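Student: Going down the list, the protein sequences come from chains A and B.
Quick note on the numbering used here: the first sequence kicks off at 21 and runs consecutively.
Quick note on the numbering used here: the second sequence kicks off at 21 and runs consecutively.
Beta carbons are placed, not taken as given, at the ideal position from N, Cα and C, and that holds for glycine.
All values reported here derive from a predicted model rather than from experimental measurement.
Number of protein chains: 2
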Amino acid sequence: MTRERLEEIRAQLDEINLEILELLSRRAELVQEIGDLKKRKGTERFDPIREKEMLDRLVAANPGPFDDSTVRHLFKQIFQASLGLMEEEKKELLV
Amino acid sequence: MTRERLEEIRAQLDEINLEILELLSRRAELVQEIGDLKKRKGTERFDPIREKEMLDRLVAANPGPFDDSTVRHLFKQIFQASLGLMEEEKKELLV
Chain A
21 MTRERLEEIR AQLDEINLEI LELLSRRAEL VQEIGDLKKR KGTERFDPIR EKEMLDRLVA
81 ANPGPFDDST VRHLFKQIFQ ASLGLMEEEK KELLV
Chain B
21 MTRERLEEIR AQLDEINLEI LELLSRRAEL VQEIGDLKKR KGTERFDPIR EKEMLDRLVA
81 ANPGPFDDST VRHLFKQIFQ ASLGLMEEEK KELLV
């Protein structure tokens with residue numbers, strides 16, 4: 021019974037992992053598009069006010085069990101990785 | 021036009037953020053359940069082989085634009101945060 025339930029949860033985790041990956045990837049593409057738009061307008065790509073706004077919105081919607089600081093930490097990592105993508109693109113343009 | 025598209029993307033990002041948060045939270049609940057099952061069986065909660073397996077599966081399914089090392093990094097953060105939840109629970113039991 022326990023063994024079966026464990027396998028069941030693991031299958032669910034694998035599925036959720038892939039769903040998260042899909043959303044992260046779609047998110048990254050949108051951030052790239054924002055980067056392109058901002059480049060054309062000549063505005064700075066990192067927007068700390070917008071980042072704070074997103075984090076506050078996430079914390080307000082946090083259903084648990086992660087505490088708010090963990091939610092902030094995880095999403096900051098996600099935001100940073102997306103910013104990293106834009107930086108890479110910049111570097112490529114300089115080559 | 022650009023301004024409009026920027027607002028549109030931002031609205032999409034907010035939506036995706038919330039979807040990711042929802043999946044992360046559901047994932048964390050499942051990990052807590054695994055922790056409980058393992059506690060009852062007396063087995064170690066952290067399973068490096070299972071973690072590697074999950075990471076390999078994610079990298080194999082990575083559609084980009086994140087590179088594989090970024091996918092690994094982000095999911096390691098997620099796994100670590102979930103493990104953190106189990107640790108907290110352990111501490112509470114010791115109080």
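I'd like the span of the alpha helix (DSSP H) that includes N37 (chain B), first residue to last.
Tutor: Taking the second sequence and counting its residues from 1, the one referred to as residue 37 (chain B) is at position 17. Per DSSP, N37 (chain B) belongs to the alpha helix (DSSP H) from 22-61.
Student: Please state the DSSP three-state secondary structure of L88 (chain B).
Tutor: The sequence position of residue 88 (chain B) within the second sequence is 68, counting from 1. As written in the sequence, residue 88 (chain B) is Asp, which differs from the Leu given in the question. Helix, per DSSP.
Student: For E64 (chain B), which three-state DSSP category applies?
Tutor: For the purposes of this step, residue 64 (chain B) is taken as the residue at position 44 of the second sequence. Reduced to three states, the DSSP call for E64 (chain B) is coil.
Student: If you draw a straight line from the alpha carbon of P83 (chain B) to that of V91 (chain B), how long is it in whole angstroms?
Tutor: Position 63 of the second sequence holds residue 83 (chain B). Position 71 of the second sequence holds residue 91 (chain B). Approximately 10 Å between the Cα atoms of the pair.
Student: Taking 9 Å as the CB-CB cut-off, is K72 (chain B) touching chain A?
Tutor: Here the question's residue 72 (chain B) lines up with position 52 in the second sequence. By this cut-off, K72 (chain B) is not an interface position.
Student: Buried or exposed: which applies to A101 (chain A), given that a residue is buried once 16 or more other Cβ atoms fall within 10 Å of its Cβ?
Tutor: Position 81 of the first sequence, counting from 1, holds the residue named residue 101 (chain A). So A101 (chain A) ends up on the buried side.
Student: Can you tell me whether F99 (chain B) is buried or exposed, with buried defined as 16 or more other CB within 10 angstroms of its CB?
Tutor: Stepping through the second sequence from its first residue, residue 99 (chain B) is reached at position 79. With at least 16 other beta carbons inside 10 angstroms of its own, F99 (chain B) counts as buried.
Student: Run down chain B in chain order and give the residues with a C-beta less than 9 Å from the C-beta of R77 (chain A).
Tutor: Residue mapping note: residue 77 (chain A) aligns to position 57 of the first sequence, counting from 1. Those within 9 Å of R77 (chain A) in chain B are D34, N37, L38.
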